[in-house]
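A.B. asks: Can you keep this structure in mind? I'll have questions shortly.
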């Protein structure tokens, strides 16, 4: 086995966290779809797909290291949000939590001198900076635009996609 039982258990928990994030992002996408905000919907559907891909990276890692795949129960996502800002704030808080989770995995890998795990986890650490910044910027734009001007946010997303 190329991974300790302790790190394998933590990675398995992260698999559940990533699948849970995917479901939460689909719930956020549904919030925006109900409001006919199709670019925000598309952004969060894409984010859900990305979180699923992250989960699958962890699945592949745990299988390659023969750590024993055990996917934990995944809590139901928050089904509704009071506003666009609340939905994106939930996404930002989630990305900040995932950053803490990945950092904890790295701390464990470092403590165990598991250089393979450290190399694997570095990609996720780099990814988390991008994810937190993206959600923080989106939340700022939504708050500045206001709930009644979400079409301005959609226009912002068109501009961001072109650059």
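In the working numbering, the protein residues as written are 11 to 173. Here a beta-carbon is modelled for each residue, glycine too, at the ideal position from N, C-alpha and C.
(1) Suppose you measure from the CA of residue 93 to the CA of residue 125; what does that come to, to the nearest Å?
(2) Which one of 46, 32, 42 has the shortest CA to CA distance from residue 66?
(3) Please report the straight-line C-alpha distance between residue 16 and residue 78, rounded to a whole angstrom.
(4) Start and end of the alpha helix (DSSP H) containing residue 30?
(5) Under 8 Å between the Cβ atoms of residue 85 and residue 30?
(6) What is the DSSP secondary structure of residue 68, reduced to helix, strand or coil?
(7) Closer than 8 Å by C-beta to residue 36: which residues in its own chain qualify, once you throw out the five before and the five after it? Chain order, please.
(8) Taking C-alpha atoms, which residue in 82, 50, 42 lies nearest to residue 19?
(9) Looking at the secondary structure, which residues open and close the alpha helix (DSSP H) in which residue 96 lies?
(10) Rounded to whole angstroms, what is the Cα-Cα separation between residue 21 and residue 49?
(11) So does residue 50 have its beta carbon nearer than 7 Å to some heavy atom of the ligand SAH?
(12) Of the choices 135, 109, 143, 95, whose alpha-carbon is the least far from that of residue 38?
(13) Does the separation of the CB atoms of residue 135 and residue 112 fall below 8 Å?
(14) Counting pairs of beta carbons, one from the stretch 96-110 and one from the stretch 141-160, are three or more of them closer than 8 Å?
(15) When DSSP labels each residue in this structure, what does residue 134 get in the three-state scheme?
(16) Look at the Cβ atom of residue 142, then the Cβ atom of residue 105, and state whether they are nearer than 8 Å.
C.D. replies: According to the structure data:
(1) 44 Å
(2) 32
(3) 11 Å
(4) 15-44
(5) yes
(6) helix
(7) 54, 55, 58, 87
(8) 82
(9) 94-121
(10) 33 Å
(11) Looking for the ligand SAH in the displayed structure turns up nothing, as the structure carries no ligands at all.
(12) 95
(13) yes
(14) yes
(15) helix
(16) yes
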